[in-house]
Each structure stands twice: as C-alpha cells, then as structure tokens.
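Anchor point for the sequence shown: position 198 equals 187 in this note's numbering, and the numbering is continuous, going up by one each time.
See below for the structure under consideration.
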Amino acid sequence: MPNAIQQFLCVTLFILQPRKKENKQKKTQTILNQTLTVDLLTQNPMPLPEEDPQPLLKDQEETAYDSDGKVLSFGIDYDTGSGGSTVVSSFSWRKLWLFTGPGFLMCIAFLDPGNLEGDLQAGAIAGYSLLWLLLWATAMGLLVQLLSARLGVATGRHLAELCREEYPTWARMILWIMAELALIGADIQEVIGSAIAIQILSNGVLPLWAGVIITAFDCFIFLFLENYGVRKLEAAFGILIGIMAVTFAWMFADAKPSAPELFLGILIPKLSSKTIKQAVGVVGCIIMPHNVFLHSALVQSREIDHNKKGQVQEALRYYSIESTAALAISFMINLFVTTIFAKGFHGTELANSIGLVNAGQYLQDKYGGGFFPILYIWGIGLLAAGQSSTITGTYAGQFIMGGFLNLGLKKWLRALITRSCAIIPTIIVALVFDTSEDSLDVLNEWLNMLQSIQIPFALIPLLCLVSKEQIMGTFTVGPILKMFSWLVAALVMLINGYLLLDFFSNEVTGVVFTTVVCAFTGAYVTFIIYLISRDVSISTWYCPT
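Now the structure itself:
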C-alpha cells in the first residue's frame, strides 16, 4: 500500500508539473521540490522521470564565441591574491602566444585591396612625401582598435551587442543599417580585388565575374576552418599575411627605392595642394567602420574571467602588444607598396592613370620579368589581400548582425546572408564594369565615399561606451585618453568630411539630386549630433557632485 501511495504521488506531481519553457535553474529547483515532498511521505521515494537537460529552444542571447570554442588563456601561470582575486603576473611569452591572433585578423582591414589602391596612387602621385602621414594614420588606427579591444575585454560583449542595449530601437536600427552598408561597400572592393588577382594569375582566361564567384566560395572554405577551432582560422590568416609580406617585400627589393628619400618621407611632414586628395585617401582608408565592430568581438575568443580585475588587466596588456605588432607589420606592407610605385611612377605621365586594375601590367612593363615575373608576384599578393579581407568582412558581418538583431541564427546561416548581401551586387558590378578600367575607378570612389559616411557611426558609439563607468567599471578611459581619443575621432571625421565635400561638389549636378543630397546631409548631421549629445548628457547626469 505505501508503494502504491508513493507511485500515485510521484505520478500526480509529474503530471501537474508546468510544461512552459523553463531554464535549467528552475527545472533543477522543481525536481528538488518534488523529491523533498516525496521524502516527507516516505523514506524510499520512487525516482522521478528525468528531463532533457538541454532546452529545445535556445533562450539565451547570441554571443561572439561559445564557451567551448574559446582559447584557454588563464589556465596557466597566474597568481591569486587575497580573496581569490587574480594578480597581474610577470610577462610571459607563452601567454603572449596564447593571446596572439585577434590583432592579426584585425590588421587585415589595413591591407585590403582598397588600401593597396590608395597606397599605390599615393606613391605614384605624391612620391615619398606622404609616408609620414601613413605612419601617423596607422598610429591613429591603432588607438581606435585598442579602444575597441578594451571595450570587448572589459565588458565581455562586443560593440554591436552594447549598441543594441544602449540605444533606442530607431537609433539602433539606423546604426545597424549604416554598419551593413559600410560592410557591403568594403566587401565589394575586396571581392573585386580578389577577382582582379585571379584574372591576372589566369592570364586573363577567367573574367572578372568568374573571379567573384570563386572568391565567394573560397570564403566559405576558410570559414569552415573555424569548426576545427579559432586557432586554425587564425593560423590561416597568419599564412595569408605572410604571403603578402613576402611578395611585396620581394617587389620592394626589385624596385630598389632611394633609402634617404624613404627615411625623409617618414620623418619630415610634407604636404602640398597637389597631393591633398591622396593625403585624405591615406587617412580615410585606415579607419574601417566594420573593423571597429570586429575587433571588440575577436578579443572574446579567449577565456577570461571578467570579474577578476587582474585577468582583465593582463589580457589588455597582451592584446595591446599583439595589436601593436600586427599593425607594425601592416604598416611595413603598406610602406612597401607605396615606395614601389613612388620609385617607378612618380613624376611620370602614367602616375595619374594607375589603378588596381592596370597596376600589375604597369609594374611588369617597368621592372620586367626577372627570375619570376613581377606581374604574378603582384597578383599573388593581391589575391592574399583580397581573400583574407573578404573572410574578415564575412566574419564581421556575422557579429554585426548577431549583435544588433540577436536573431539566434546558426553561424553558417548568418555567413550565407552576409555573403549574399555583398556577392550579389558585386557580380552585377563585375558584369557591368568588366571591360572598363575607368568605370571601376569611378565605382571605387563611390565606395570610398560610402564607407567614409559610415565612420562616425562606429567611432562615436565606441568612444561613448568606453567613457561610461556604468559599462566599463574600473576600466573606463581617463579624461586625458578620452580627450585625445575624441580629438583623433574629430580629425578623422573632418578629413573624411573634406573627402565627401570634394566628391559631392564634383559629382552632384541638377536641382533634384542637389536637393536630395542636402536633405540627406541635414539628417546625417542631426543624427551625429544626437549620438554625441547622448554621451554629453549621460556623462553630465552621472557625474558625481
């Protein structure tokens, strides 16, 4: 009889158990309560039916990396102080190696085909005179990327996720649309660059549109490496950066540039009215909007306890070293490209006509074949730049879409959507502009303009968020760094504003088009003021009296 009562109670409790969706903690508590109830009635309770510990519906927010996909960085060689808090330990090469990777993925944006085209045009038209600007522009880009990494490490969330929580729905959607437009613009340039390289390496057998399709599928092959661990993907990027370094260094050695002119160009600032457009292009190509979102997500690929201040400080230190080294390598590659074209074409009639499409043939005509034709060396380097940048673009698109919208989609599906948004317009571009170098140059100017417009919508939210103690805690940027960061952001936005003004003054004609552009400009400036005013009002509101 007691056994019958026991079974009846157990079955009754199980039937009456709520069937609505519960998280793991509630399920565990329910089972404990049921077991406790039965224990009060009998000393030998009947085991309750087990429930599936995994919920059928994923009720958690999207994260940049799953916990089982992160690299363990603090499982070795770290000390604990009183109360269990992590103490910053001495420098370790082994730890630096564990943290190496995200910075090199980030530096790819400094080496994409759009940047290479800006480098070669700056070298051909301005010679060595803008090398100092390239150095300082890279330093400004480093500051922005370090702030992005600081945000991701200190909060455990990336920029797109924080924007989703910080801004109202209408502002958040505008920021998302702007980020997607910037990403599509950059992706078109990168895919076209890869397609040009494939066309060079195939001796013109494969048309531009075929190269676009090959690049699209190659991107998915590389992203497949992520299934085997993020370190495998980082190693693949390291190989591509190494290919770029070797090929462009080889071309640099073949060109034999003037060493005194090179060092004077780096050390002595020089700017003339004839090279102002190239100068603006050098600075404008360095800050890529999607790269700001990307780096704040990449740094979360390492397992860090964000509640332990010492671990966060140590992670920031190693990420700073790694990012600085990565951008130093990217600066050297950009330097090689600029000086190659400065030595070969500065002051010639060809200087104003060189672009990404015809650069390889001009190099072949200038420097000849040699042991290995320089045309193919250029093609290999350009292909590595295009492939690596398209993959990071797709990677950034996943984080941007997942962070702003929190759709809970599978990674492959997000990658497919992101890739399609760029590949479809790129194929159209390749079919329309396949035979026209001048048309591709005009398209490239429009794409640069598109990305320049989006820069404030990545920089301003970043600077606002890293300045908020409610988000950053003890890792909020200090007043001096905050002021300097805003000055750098203002300089970058003013330079890109000049680029936009110069572009529209030459391209905008007609009453209707002018009216549309003026209306857009008014809305654009108003939204920027809104973003800045939020930071000012919040900072004032929370400022201690």
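Virtual Cβ for every residue (Gly too), placed ideally from N, Cα, C.
Here's the rule I'm using: 16 or more other beta-carbon atoms within 10 Å means buried, otherwise exposed. How should residue i be labelled?
{"i": "W125", "result": "exposed"}
{"i": "T26", "result": "No answer about T26 holds up, because its pLDDT of 42 lies below 50 and its placement is not dependable."}
{"i": "A225", "result": "buried"}
{"i": "F320", "result": "buried"}
{"i": "I518", "result": "exposed"}
{"i": "E155", "result": "buried"}
{"i": "C453", "result": "buried"}
{"i": "A507", "result": "The displayed chain sequence assigns Cys, not Ala, to residue 507. Exposed, since its Cβ has fewer than 16 Cβ neighbours within 10 Å."}
{"i": "Q440", "result": "buried"}
{"i": "K263", "result": "exposed"}
{"i": "D101", "result": "buried"}
{"i": "L256", "result": "exposed"}
{"i": "N323", "result": "buried"}
{"i": "Y384", "result": "buried"}
{"i": "T328", "result": "buried"}
{"i": "I484", "result": "buried"}
{"i": "W159", "result": "exposed"}
{"i": "I210", "result": "exposed"}
{"i": "S378", "result": "buried"}
{"i": "E458", "result": "exposed"}
{"i": "F237", "result": "buried"}
{"i": "F213", "result": "exposed"}
{"i": "I469", "result": "exposed"}
{"i": "S79", "result": "exposed"}
{"i": "G333", "result": "buried"}
{"i": "G112", "result": "buried"}
{"i": "G107", "result": "buried"}
{"i": "T381", "result": "buried"}
{"i": "A479", "result": "exposed"}
{"i": "G391", "result": "buried"}
{"i": "S285", "result": "buried"}
{"i": "L402", "result": "exposed"}
{"i": "L120", "result": "buried"}
{"i": "A512", "result": "exposed"}
{"i": "L109", "result": "buried"}
{"i": "L490", "result": "exposed"}
{"i": "T127", "result": "buried"}
With DSSP as the reference, please indicate the residues paired to residue i in a beta bridge.
{"i": "R291", "result": "V60"}
Just to confirm my understanding: we take residue i, look at its own chain, exclude 5 residues before and 5 after, and list those with CB closer than 7 Å. What are they?
{"i": "Q301", "result": "Inspection of the sequence shows that residue 301 is occupied by Val rather than by Gln. Excluding residues within five positions, the ones whose Cβ falls inside 7 Å are V142, A143, I293, H295 and F464."}
{"i": "L260", "result": "A268"}
{"i": "K400", "result": "Q387"}
{"i": "Y307", "result": "K84, L85 and F88"}
{"i": "I310", "result": "L85"}
{"i": "I374", "result": "What sits at residue 374 in the sequence shown is Ala, not Ile. Cβ neighbours of A374 beyond the five flanking positions: L100, D101, P102, L105, G182 and M233."}
{"i": "I521", "result": "I449"}
{"i": "R161", "result": "C152, R153 and F393"}
{"i": "R139", "result": "L305, V455 and F464"}
{"i": "F241", "result": "F325, T328 and I329"}
CB-CB under 6 Å to residue i, same chain, minus the five flanking residues each way: which ones, in chain order?
{"i": "A447", "result": "P278 and V281"}
{"i": "N492", "result": "First, the residue type needs correcting, since residue 492 is Phe and not Asn in the sequence shown. Correct list, in chain order: M438."}
{"i": "W165", "result": "F393"}
{"i": "L488", "result": "V269, G273 and S441"}
{"i": "V190", "result": "Sequence inspection shows Leu at residue 190; the Val mentioned does not correspond to that position. For L190, where only same-chain residues beyond five positions count, the Cβ hits under 6 Å are G368."}
{"i": "G92", "result": "E311, S312 and A315"}
Sorted by chain position, which residues of the same chain lie with C-beta nearer than 8 Å to residue i's C-beta, five sequence neighbours on each side aside?
{"i": "L253", "result": "Y117"}
{"i": "G145", "result": "Q289, I293 and H295"}
{"i": "A168", "result": "A149, P278, H279, F282, I389, F393, Q443, F446 and A447"}
{"i": "L122", "result": "P258, L260, A268, V271 and V272"}
Report back the beta-carbon spacing between residue i and residue j to the nearest angstrom; my notes put them in contact at under 8 Å.
{"i": "L136", "j": "S474", "result": "6 Å"}
{"i": "N104", "j": "C274", "result": "5 Å"}
{"i": "G130", "j": "I276", "result": "6 Å"}
{"i": "L371", "j": "G182", "result": "6 Å"}
{"i": "E223", "j": "G90", "result": "4 Å"}
{"i": "I343", "j": "F330", "result": "7 Å"}
{"i": "L132", "j": "V481", "result": "About 10 Å; that fails the 8 Å criterion."}
Under 8 Å between C-beta atoms, does residue i make it to chain C?
{"i": "G357", "result": "Chain labels in this structure do not include chain C; a single protein chain is all it has."}
Closer than 7 Å: is that where the CB of residue i sits relative to any heavy atom of the ligand FMN?
{"i": "S81", "result": "Ligands are entirely absent from the displayed structure, and the ligand FMN is therefore not among its contents."}
Evaluate contact between the segment 494 to 505 and the segment 284 to 293, counting only Cβ atoms and requiring at least three cross-stretch pairs below 8 Å.
no
For the segment 222 to 234 and the segment 349 to 368, state whether three or more C-beta atom pairs, one from each stretch, are separated by less than 8 Å.
no
Do the segment 404 to 420 and the segment 173 to 182 meet, that is, are 3 or more Cβ pairs less than 8 Å apart?
yes
Give a yes or no on contact between the segment 324 to 338 and the segment 198 to 217, applying the rule of three or more CB pairs nearer than 8 Å.
no
Stretch pair the segment 381 to 396 + the segment 250 to 264: three plus CB contacts closer than 8 Å
no
Would you call the segment 315 to 323 and the segment 79 to 99 touching, i.e. three or more CB-CB distances under 8 Å?
yes
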